[in-house]
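Since the structure comes first, as C-alpha cells, the remarks are kept for the end.
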Amino acid sequence: MTLELHDVRKRFGGVVASDGVTFRVGDGEIFGLIGPNGAGKTTVVNLITAYMRPDDGQIRFEDTEITRLKPGQLAARGVSRTFQSLRLFEGVTVVDNVLIGRHRWFKGQVPLPFLGGKFEKAQRAAALEWADFVGLGDVAAEPVDNLPYGLRRKVEIARALALEPRLLLLDEPTAGMTRTESDEVAGLIRRIREHGITVLLIDHNISLVNQVCDRVAVLDFGKVIAEDEPKAIWQNELVRRAYLGDDEETMTGADS
39 MTLELHDVRK
49 RFGGVVASDG
59 VTFRVGDGEI
69 FGLIGPNGAG
79 KTTVVNLITA
89 YMRPDDGQIR
99 FEDTEITRLK
109 PGQLAARGVS
119 RTFQSLRLFE
129 GVTVVDNVLI
139 GRHRWFKGQV
149 PLPFLGGKFE
159 KAQRAAALEW
169 ADFVGLGDVA
179 AEPVDNLPYG
189 LRRKVEIARA
199 LALEPRLLLL
209 DEPTAGMTRT
219 ESDEVAGLIR
229 RIREHGITVL
239 LIDHNISLVN
249 QVCDRVAVLD
259 FGKVIAEDEP
269 KAIWQNELVR
279 RAYLGDDEET
289 MTGADS
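In our numbering, the protein residues as written are 39 to 294.
Below you can see the structure in the form of C-alpha cells.
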C-alpha cells in the first residue's frame with residue numbers, strides 16, 4: 039500500500055478542516071480526491087506532504103509512518119507534489135526550473151550548469167528528459183515567462199517528476215486550462231503511472247477524474263463522504279448533493 043490516512047484531523051481555531059479523514063491508495067493507482075470548494079482537499083494534501091501537521095491521526099507511506107516528518111524528509115523518501123498556484127522561478131528557463139526538482143539527488147552538491155562538470159551535466163540531462171516527457175522539449179531553453187499558461191502548468195509537473203518520486207500529488211493540475219490542454223494532461227497522468235508512479239489527483243475537472251482515476255474519495259466539510267470507482271461515485275446521493283447540487287447539466291456531464 040503506497041499511502042494510508044487513518045482518522046486524520048486538523049483544526050484551525052474553531053474550524054475543522056479535516057475531520058477523521060481515512061483512505062488508502064494502492065501501489066500504482068491513480069486515486070482522485072474531489073469535493074466542493076472549501077471541502078478540505080488542499081488541507082489534506084498539505085498534511086500528507088508535511089506543509090501542515092495533523093492534530094490527530096496517522097499518515098503512512100509505504101508502510102512507514104510519516105505523520106511527523108518534514109517536507110525535505112518526505113522528498114528524500116520519494117514523495118513529490120505540485121501546487122494549485124504556480125510556484126515557478128520567473129526569468130529562469132524551463133529546464134532550470136525543472137532542475138530545481140532534482141534536489142533529492144544533490145546530496146550536498148549544488149548543480150551549477152555553467153561549470154560544466156560531470157555532476158552538473160548528469161543532473162541537467164535528467165531535467166531535460168523530464169521536460170521532454172511532459173512535452174516541453176522544444177521550449178526547454180525558453181524562460182518560463184515566455185510560455186503560455188498551459189505550458190507553465192506542465193513545467194510545474196515536470197519539476198515534481200524530476201524528483202523521481204514514487205508518490206506524486208497533483209493539486210488542481212488542470213486549473214485554468216482549456217479542454218484540449220486538460221485532455222493532454224489526462225494522457226500525461228496515464229504515462230506517469232506507466233513509470234511506476236502512484237498518483238493522488240485533486241481536481242474539479244469531472245471529465246479528467248472520470249478519464250484517469252481508478253477510485254475516487256469525496257470530501258465534504260472535511261469528511262470523506264464516499265469512496266468508489268468514478269462512474270459509481272456520481273450515483274451516490276450524498277455526492278450529488280454535496281458536490282454537484284441540483285444542476286442537471288453538471289449531472290449529465292458527470293454521468294457521461
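In this text, a Cβ means the ideal position worked out from N, Cα and C, and glycines have one as well.
- Closest in C-alpha terms to Asp252, from the list Pro186, Leu238 and Val54, comes Leu238.
- Scanning the segment 140-219 for uninterrupted beta strand (DSSP E) segments of 3 residues or longer gives 205-209, listed from N- to C-terminal end.
- For Val54, the pairing in a beta bridge is given by DSSP as Arg49.
- The DSSP-derived three-state label of Glu275 is helix.
- Boundaries for Ile72: no alpha helix (DSSP H) harbours it, while the beta strand (DSSP E) harbouring it runs Ile68 to Ile72, taken from the DSSP string.
- In the three-state reduction of the DSSP assignment, Leu124 falls in the coil class, being assigned neither a helical nor a strand state.
- Spatial neighbours of Ala179 in its own chain (CB-CB distance under 8 Å, excluding positions within 5 residues in sequence) are listed in chain order as Thr131, Val132 and Val133.
- DSSP lists Leu71 and Glu265 as the bridge partner or partners of Ala255.
- In this structure, the beta-carbon distance from Thr87 to Ile97 does not fall below 7 Å.
- Straight-line spacing of the CA atoms in Arg228 and Asp221 works out to 11 Å.
- Counting along the chain, the unbroken beta strand (DSSP E) around Asp94 starts and ends at Asp94 to Phe99.
- Per the Cβ contact rule, the segment 116-123 is in contact with the segment 195-206 (3 or more Cβ pairs under 8 Å).
- Proximity of the segment 105-115 to the segment 67-74 falls short of the contact definition, fewer than three beta-carbon pairs being nearer than 8 Å.
- Only exposed fits Ala163, as fewer than 16 other CB atoms lie within 10 angstroms of its CB.
- Under the three-pair Cβ rule at 8 Å, the segment 76-93 does not count as touching the segment 167-178.
- The closest CA to that of Ile138, considering only Lys108, Ala169, Gly155 and Lys156, is found on Ala169.
- C-alpha of Arg191 to C-alpha of Asn274: approximately 32 Å in a straight line.
- Considering only Asp241, Asp57 and Glu158, the residue with the shortest C-alpha distance to Asp94 is Asp57.
- Between Val136 and Ala165, the C-beta spacing is below 7 Å.
- Counting other Cβ atoms within 10 Å of its Cβ, Pro186 stays below 16 and is therefore classed as exposed.
- Between Leu189 and Asp183, the alpha-carbon positions lie close to 10 Å from each other.
- Per DSSP, Val130 lies in no beta strand (DSSP E) segment and is marked neither H nor E.
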